[in-house]
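Some notes on the structure that comes next.
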Ligand SMILES: Nc1ncnc2c1ncn2[C@@H]1O[C@H](COP(=O)(O)OP(=O)(O)OP(=O)(O)O)[C@@H](O)[C@H]1O
Ligand SMILES: [Mg+2]
């Protein structure tokens, strides 16, 4: 599989390119708790950036700040050269879409209808044409339906168009959320734990889908607890701990940084009860054994023996 980004800077970011997303000094406070603390992030077209950190590190809150769900207490988000107002609809129209850690589908609507909902930010029929079902509305509705079917096939859900979202298996629901996000024609897609609760085969399929999305020219930011997934998938990784950016760099740099290991497993030598901590520790040992840590090109390396993710949604 091709690598869309030339990672010639030391932190893995592409040289001579303008970021599609620039977050500067993003801070989110809830009363006395600073969930996100002065975080910067640049995302370049055609790259996959991983966002990791222990539970409660502020990853989802950071996504919520980027996508206008939360108005950051401080800081600024620039997308495609313009400062983004913290309003979800404006963010989606600008070209940034997302999926959610806890799946948020319209449970009693079909798979096709769920994707069509994502498409409506790109249609122009007003309330009157919609009520009257005029020719413009009917033409746009047919186009929207055709695009929804195309996207369902793209994410591997061909044949499920008329299935109710609530009846789909869990892994299919996650794919459906991605199809709905893609229906908005994004330039950047943010995925919050896209493999949570998936079995190893579903995880591998999700990884292939994310590569396919990246190869179509989109930038991707992905939150994951599955370290093998993150280190195989990403061009760069940002690690948050207690709301602060601990380190940003290539997968190799992040995976071998003692502070990252400490953030997950503490300072003791004993194996932690936390499966994620053990997983990152295993990844580091693998790195020492087979020199995996130079930051594998996305798509390279074995997809086998992927550990099942047990965290579920939070
Ligand atoms: N709306 C809110 N009001 C108050 N506190 C919040 C709110 N949302 C998040 N928090 C707190 O902010 C901190 C960061 O939470 P967040 O969900 O962003 O973490 P996370 O890194 O996504 O964790 P996980 O890996 O468990 O999903 C937590 O302490 C959480 O309890
Ligand atoms: Mg989260």
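Numbering (the working numbering), first residue to last: -16 to 297. All C-beta atoms in this analysis are idealised placements derived from N, C-alpha and C, irrespective of residue type, glycine included. Please read all numbers here as calculations on a predicted model, not as lab measurements.
To the nearest angstrom, how far is the alpha carbon of residue 143 from that of residue 20?
Against the chain shown, residue 143 aligns to sequence position 160. Against the chain shown, residue 20 aligns to sequence position 37. So the alpha carbons of these two residues sit roughly 42 Å apart.
Let me check you understand the geometry: is the CB of residue 176 closer than 8 Å to at least one non-hydrogen atom of ligand 1?
For the purposes of this step, residue 176 is identified with residue 193 of the chain shown, where counting begins at 1. Yes, ligand 1 has a heavy atom inside 8 Å of this Cβ.
Do residue 207 and residue 233 come within 9 Å of each other at the CB atom, strictly closer than that value?
Your numbering for residue 233 matches position 250 in the chain shown. Your numbering for residue 207 matches position 224 in the chain shown. Between residue 233 and residue 207, the CB-CB gap reaches or exceeds 9 Å.
Threshold first: 3 residues or longer. Then list the beta strand (DSSP E) segments lying entirely within the stretch -15 to 69, N to C.
For the stretch -15 to 69, whole beta strand (DSSP E) runs of length 3 or above, ordered along the chain, are 4 to 13, 16 to 26, 31 to 35, 57 to 62.
In three-state terms, what does DSSP make of residue 318?
The requested residue 318 is not part of the displayed model; the chain covers only -16 to 297.
Can you list, in chain order, the stretches of the alpha helix (DSSP H) that have 4 or more residues and sit fully within the stretch 220 to 246?
Qualifying alpha helix (DSSP H) stretches, in chain order: 234 to 238.
Using only Cβ atoms and a threshold of 5 Å, which residues come within that distance of a heavy atom of ligand 1? Order them by chain position.
Sorted by position in the chain, 13, 18, 38, 39, 40, 41, 42, 43, 44, 297 make up the residues whose C-beta lies under 5 Å from a heavy atom of ligand 1.
Hey, would you say the C-beta of residue 35 is under 8 Å away from at least one heavy atom of ligand 2?
Numbered from its first residue, the chain shown carries residue 35 at position 52. For residue 35, the distance from the CB to the nearest heavy atom of ligand 2 is not below 8 Å.
Enumerated in chain order, which unbroken segments of the beta strand (DSSP E) with a length of 3 residues or greater are wholly contained in the stretch 189 to 224?
Complete beta strand (DSSP E) runs here, min 3: 202 to 206, 219 to 224.
With the cut-off set at 9 Å, would you say residue 171 and residue 78 are in Cβ contact?
Position 188 of the chain shown, counted from the first residue, corresponds to residue 171. Position 95 of the chain shown, counted from the first residue, corresponds to residue 78. Closer than 9 Å, so yes.
Backbone CA spacing between residue 186 and residue 239 [nearest angstrom]
Walking along the chain shown from the start, residue 186 turns up at place 203. Walking along the chain shown from the start, residue 239 turns up at place 256. Taking the CA atoms as reference points, residue 186 sits about 24 Å from residue 239.
Considering only the beta carbon of each residue, do residue 84 and residue 209 sit closer than 9 Å?
For the purposes of this step, residue 84 is taken as residue 101 along the chain shown, with counting starting at 1. For the purposes of this step, residue 209 is taken as residue 226 along the chain shown, with counting starting at 1. In this structure, residue 209 does not lie closer than 9 Å to residue 84 by Cβ.
Distance between residue 135 and residue 22 (C-alpha atoms, nearest Å)
In the chain shown, residue 22 corresponds to position 39, counting from 1. In the chain shown, residue 135 corresponds to position 152, counting from 1. The alpha-carbon of residue 22 is positioned some 35 Å away from that of residue 135.
Would residue 99 pass as a contact of residue 127 if the rule is Cβ separation under 9 Å?
Within the chain shown, residue 99 is the residue found at index 116, counting from 1. Within the chain shown, residue 127 is the residue found at index 144, counting from 1. The answer is yes: Cβ separation under 9 Å.
Relative to the C-alpha of residue 71, which candidate in 54, 64, 59 has its C-alpha closest?
Locating residue 71 in the chain shown gives position 88, where the first residue counts as 1. Looking at the Cα atoms, 54 is the closest of the given residues.
Boundaries (first-last residue) of the alpha helix (DSSP H) holding residue 161
In the chain shown, the residue the question calls residue 161 occupies position 178. Boundaries of the alpha helix (DSSP H) harbouring residue 161: 153 to 165, taken from the DSSP string.
For residue 181, list the residues DSSP reports as bridge partners.
Counting from 1 along the chain shown, the entry for residue 181 is found at position 198. Paired residues: none, contrary to the question.
If you draw a straight line from the C-alpha of residue 102 to the C-alpha of residue 201, how long is it?
By 1-based counting over the chain shown, the position of residue 102 is 119. By 1-based counting over the chain shown, the position of residue 201 is 218. Roughly 17 Å separates the two Cα atoms.
Where do the N-terminal and C-terminal ends of the beta strand (DSSP E) with residue 174 fall, by residue?
Your numbering for residue 174 matches position 191 in the chain shown. Unbroken beta strand (DSSP E) run through residue 174: 171 to 175.
Could you check where the beta strand (DSSP E) with residue 81 kicks off and where it finishes?
Counting from one through the chain shown, the residue named residue 81 turns up at place 98. First-last of the beta strand (DSSP E) with residue 81: 79 to 81.
Under the three-state DSSP convention, the category residue 147 falls into:
Within the chain shown, residue 147 is the residue found at index 164, counting from 1. Reduced to three states, the DSSP call for residue 147 is strand.
Can you tell me whether residue 4 is buried or exposed? The criterion is at least 16 other CB atoms within 10 Å of its CB, across all chains shown.
Here the question's residue 4 lines up with position 21 in the chain shown. It counts as buried.
Should residue 86 be listed as close to ligand 2, given that the test is whether its C-beta is under 8 Å from any heavy atom?
On the chain shown, residue 86 is found 103 positions in, with the first residue counted as 1. Checking every heavy atom of ligand 2 against the Cβ of residue 86, none is found closer than 8 Å.
Whole-angstrom Cβ separation of residue 33 and residue 220, contact assumed at under 8 Å?
As a first step, residue 33 must be located in the chain shown, where it is residue number 50. As a first step, residue 220 must be located in the chain shown, where it is residue number 237. Yes, residue 33 and residue 220 are in contact; Cβ-Cβ is about 4 Å, under 8 Å.
Please go through the same chain and pick out, in chain order, the residues whose beta-carbon is closer than 6 Å to the beta-carbon of residue 61, but skip the five residues on each side of it.
Residue numbering aside, residue 61 sits at position 78 when the chain shown is read from its first letter. Excluding residues within five positions, the ones whose Cβ falls inside 6 Å are 5.
With distance defined between alpha-carbon atoms, name the residue in 247, 160, 105, 2 nearest to residue 90.
Here residue 90 refers to the residue found at position 107 when the chain shown is read from its first residue. The shortest C-alpha separation from residue 90 is found at 160.
Do residue 213 and residue 203 have their CB atoms nearer than 9 Å?
Reading the chain shown from its first residue, position 230 is the one you call residue 213. Reading the chain shown from its first residue, position 220 is the one you call residue 203. Taking 9 Å as the Cβ cut-off, residue 213 and residue 203 do not qualify as a contacting pair.
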